[in-house]
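So the structure is just underneath, and the comments pick up after that.
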């Protein structure tokens with residue numbers, strides 16, 4: 011599964027995209043796996059209230075299932091315009 | 011006193027501006043004097059609900075006094091923009 | 021603040037660029053451009069009341085500045101004979117944030133429609149007729165006396 | 021309907037002229053231009069999510085067409101590094117009457133702010149920081165789910 015990071019999540023984790031091998035059933039489970047990897051992931055995901063998620067380019071929530079998902083993206087609230 | 015006519019009032023009366031000698035105390039009294047002049051004036055002022063008035067370039071109503079007024083303008087509701 | 025009444029066309033891009041030029045506080049520019057709709061008409065004639073027109077537009081513009089925090093505003097209204105598709109009016113507002121710019125531009129147009137002395141005559145193949153004032157415009161004007169909310 | 025995400029600048033006058041070109045029903049064109057405010061910042065960096073950005077903008081634009089009678093709409097959003105005063109975004113709407121054009125343009129901006137995947141980082145003399153989302157933007161988004169009224 012492709013996992014993408016944007017804005018300060020990208021900066022804290024140190025990369026914008028990576029391939030992740032996971033059987034996590036939900037976004038929340040994937041976040042737990044990432045947090046357990048290294049401090050930079052734990053730091054990036056330390057306050058989930060500040061993090062938004064999109065599965066296959068559609069915004070969803072942390073309870074969303076990952077079955078069949080090809081792409082998961084994490085980012086802060088959007089600030090365009 | 012200068013009296014001005016715009017849009018279809020100008021067309022019905024046949025002129026856009028004229029000097030009027032009057033002692034009419036109010037706009038309504040001036041309108042009565044104009045109506046009495048000729049059919050074209052009576053026609054133009056036949057439906058006052060369709061006519062607006064400005065005294066010295068400020069929109070007002072037909073009860074407005076004319077003491078000291080230099081310019082009275084009659085026109086239909088505005089349709090700019 | 022600027023008001024212009026003119027026969028000639030205007031350059032929207034140049035006017036909007038000039039509006040925000042040199043003011044670092046401006047984050048939002050909203051413009052309204054009114055065009056001559058072409059359904060069945062050959063030309064639109066815009067008549068106005070010279071002198072009162074400029075005074076009325078300046079008064080409407082001052083009212084907008086009193087109601088919203090605006091860095092700049094512009095009102096250009098054409099007069100004379102205009103073909104279908106021609107630009108008639110440009111209203112533009114500049115502010116730090118978008119809500120003020122949007123609301124003030126809508127306000128300027130609503131007040132201009134009912135309070136600035138312009139009259140439109142449509143020239144059609146069958147002759148000409150003066151455009152009637154729309155009840156919707158009177159309602160749009162009235163909403164600003166009860167509430168400032170809305171977009 | 022058109023959506024563009026690009027690094028380069030855009031020509032507002034040319035874009036608005038093209039928007040209404042050839043459609044006789046258009047009487048009102050509303051535009052919003054967002055600019056980089058210059059107070060204390062050296063540059064603004066716009067990051068986005070390629071692929072999702074275009075999909076999100078097209079979806080927001082389609083929603084506007086579903087809600088209002090619009091002849092044309094345009095959304096252009098720049099990405100990359102922008103200096104103070106630079107244009108960031110252009111939203112434009114064209115309709116027969118002004119109310120639809122104004123409301124749809126405000127709607128497009130409100131939804132774009134909270135639903136299109138862009139992120140701003142301000143570069144200041146003391147370093148850089150990611151811009152926080154504004155509560156006012158969340159509220160501006162929410163108003164469209166309860167009411168269509170307003171200007």
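Chains as they are written, first to last, in the numbering used here: chain A, 11 to 91; chain B, 11 to 91; chain C, 21 to 171; chain D, 21 to 171. We treat Cβ as the ideally placed atom computed from N, Cα and C, and that holds for glycine. Nothing here was measured: the structure is a model prediction, and the numbers come from that model.
Going by beta-carbon coordinates alone, are residue 99 (chain C) and residue 51 (chain C) separated by less than 8 Å? no
Residues of the segment 32-52 of chain D with Cβ closer than 7 Å to any Cβ of chain C, in chain order: 32, 33, 34, 36, 40, 44, 45, 46, 47, 48, 49, 50, 51, 52
In chain order, which continuous runs of the alpha helix (DSSP H) of length 4 or greater are located wholly inside the segment 74-117 of chain C? none
Give me the Cα-Cα distance between residue 103 (chain C) and residue 32 (chain B), rounded to the nearest whole angstrom. 42 Å
Excluding the 5 residues preceding and the 5 following residue 81 (chain A) in the sequence, name in chain order all residues of the same chain whose CB lies nearer than 6 Å to its CB. 12, 66
Per the DSSP calculation, residue 51 (chain D) is bridged to which residue(s)? C:51, D:112
Should the segment 66-76 of chain D be regarded as contacting the segment 70-83 of chain C, the criterion being three or more beta carbon pairs within less than 8 Å? no
Going along the chain, which unbroken runs of the beta strand (DSSP E) with 3 or more residues stay wholly within the segment 115-163 of chain C? 138-144, 147-150
Going straight from the alpha carbon of residue 15 (chain B) to that of residue 134 (chain D), what length do you get? 52 Å
Segment contact, 8 Å Cβ cut-off, at least three pairs: the segment 153-163 of chain C with the segment 123-141 of chain C: yes
How is residue 44 (chain B) classed by DSSP in three states: helix, strand or coil? helix
With a threshold of 8 Å, are at least 3 pairs of Cβ atoms found where one atom belongs to the segment 137-149 of chain D and the other to the segment 84-92 of chain D? no
Opposing strand residues paired with residue 70 (chain B) [DSSP bridges]: B:63
Hey, out of D:138, D:60, D:59, D:44, whose CA is closest to residue 54 (chain C)'s CA? D:44
Residues bridged to residue 85 (chain A) by DSSP? A:62
Taking residue 147 (chain B) and residue 40 (chain B) to be in contact with their CB atoms under 8 Å, please state how far apart those CB atoms are, rounded to whole angstroms. Past the boundaries of the shown model lies residue 147 (chain B); chain B is included only from 11 to 91, so the question cannot be answered.
Just to check my reading of the structure: residue 88 (chain A) and residue 125 (chain D) have Cβ atoms closer than 8 Å, yes? What is that Cβ distance to the nearest angstrom? Wrong, their Cβ atoms sit about 19 Å apart, outside the cutoff.
Residue 91 (chain D) burial status per 10 Å Cβ neighbour count (16 or more: buried): buried
Under 8 Å, do residue 129 (chain D) and residue 118 (chain C) count as touching if we go by C-beta distance? yes
Of all the CB atoms in chain C, is at least one closer than 8 Å to the CB of residue 83 (chain B)? yes
Opening and closing residue of the alpha helix (DSSP H) in which residue 32 (chain C) lies: 32-40
Nearest-angstrom Cα separation, counted from residue 122 (chain D) out to residue 71 (chain B): 32 Å
Taking the alpha-carbon positions, what's the residue 22 (chain A) to residue 51 (chain A) distance? 7 Å
Specify the secondary structure class of residue 71 (chain D) as computed by DSSP and reduced to three states. coil
Along chain D, which residues have their Cβ under 7 Å away from the Cβ of residue 129 (chain C)? 118
Proximal residues of chain D, C-beta to C-beta of residue 67 (chain A) below 7 Å: 71, 72, 75
Quick one: list the residues of chain D neighbouring residue 72 (chain A), beta-carbon separation under 8 Å, in chain order. The contacting residues do not exist; residue 72 (chain A) stays about 17 Å from chain D at best.
So residue 94 (chain C) and residue 35 (chain C) are in contact, right, with Cβ under 8 Å, and what is the actual spacing, rounded? 6 Å
By the 10 Å Cβ neighbour count, where 16 or more other Cβ atoms means buried, how is residue 83 (chain A) classified, buried or exposed? buried
Give the secondary structure of residue 25 (chain A) by DSSP, where H, G and I count as helix, E and B as strand, and everything else as coil. coil
Excluding the five sequence neighbours on either side, which residues of its own chain have a C-beta within less than 6 Å of the C-beta of residue 46 (chain D), listed in chain order? 40, 91, 114
Let me see if you follow: with CB-CB separation under 8 Å, is residue 28 (chain C) close to chain D or not? no
Reference residue 36 (chain B), options B:86, B:91, B:73, B:78, closest by Cα: B:73
Residues in the same chain with beta-carbon distance under 8 Å from residue 29 (chain D), minus the five sequence neighbours each way, listed in chain order, please. 98, 106, 107
How would you call residue 19 (chain A), buried or exposed, if buried means at least 16 neighbouring beta carbons within 10 angstroms? buried
Proximal residues of chain D, C-beta to C-beta of residue 16 (chain A) below 9 Å: 67, 68, 69, 137, 139
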